[in-house]
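First comes the structure, then the notes that go with it.
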Ligand code: HEC
């Protein structure tokens, strides 16, 4: 009986590694465009707190090769880049950035467990929010217009 369980566990682990090889591609494609950052500081803070999932300069940590974390990390990077990618920037992308950060929804809480550096301290918070608004535009949550967004440029 217990031998059976060990076989099953080993099979699952092997299967996860096989699945990983066929599904996960940890690539960092070429940088083809960039937003007009309002300052170097905003860019640096963005790369620190957001860049792993919203750019093509992802730093893949060692545990990103270990299932099941590999799947979770890969999923977040693919979804994050799909949402908006500062390395393949289109004008108007990421306009909720300041809002999402201000609300504490971004960076994803699970990311901050392993990435202490992504916690922007209170002193820099307001500055970072301002920089995100200047760079990506402002999301107006009080009186949403037809397309919900309000650009301030
Ligand atoms: C661990 C990966 C990860 C990090 C780090 C991260 N994001 Fe995201 N982001 C995602 C994923 C995945 C989504 C899409 C799913 C969702 O909204 O939860 C997303 C969605 C977004 C959206 C769209 C939200 C919406 O509802 O339209 C914005 C804006 C955003 N992120 C900004 C940021 C900013 C700004 C930072 C840094 C302060 C950041 N993200 C850090 C993974 C990440």
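In my numbering, the protein residues as written are 957 to 1109.
From the three backbone atoms N, C-alpha and C, an ideal C-beta is built for every residue, glycine too.
All values derive from a computational prediction rather than experimental measurement.
- Judged by DSSP secondary structure, residue 1009 falls within the alpha helix (DSSP H) whose first and last residues are 1007 to 1010.
- Setting aside the 5 residues that flank it on each side, residue 1041 is surrounded in the same chain by 1010, 1011, 1012 and 1049, each with a C-beta closer than 8 Å to its C-beta; the list follows chain order.
- Residue 1087 has its CB no nearer than 8 Å to any heavy atom of ligand 1.
- Distance from the C-beta of residue 1057 to the nearest heavy atom of ligand 1 is below 8 Å.
- The shortest C-alpha to C-alpha distance from residue 1055 to any of 1086, 996 and 991 is the one to 1086.
- Residue 1043 sits away from residue 982, with the two beta carbons spaced by 9 Å or more.
- In the DSSP assignment, residue 1070 falls within the alpha helix (DSSP H) that extends over 1065 to 1070.
- Apart from the 5 residues on each side of it in sequence, residue 1073 sits with its Cβ closer than 7 Å to the Cβ of 1004 in its chain, given in chain order.
- Ligand 1 approaches residue 1010 closely enough that one of its heavy atoms is under 8 Å from the residue's Cβ.
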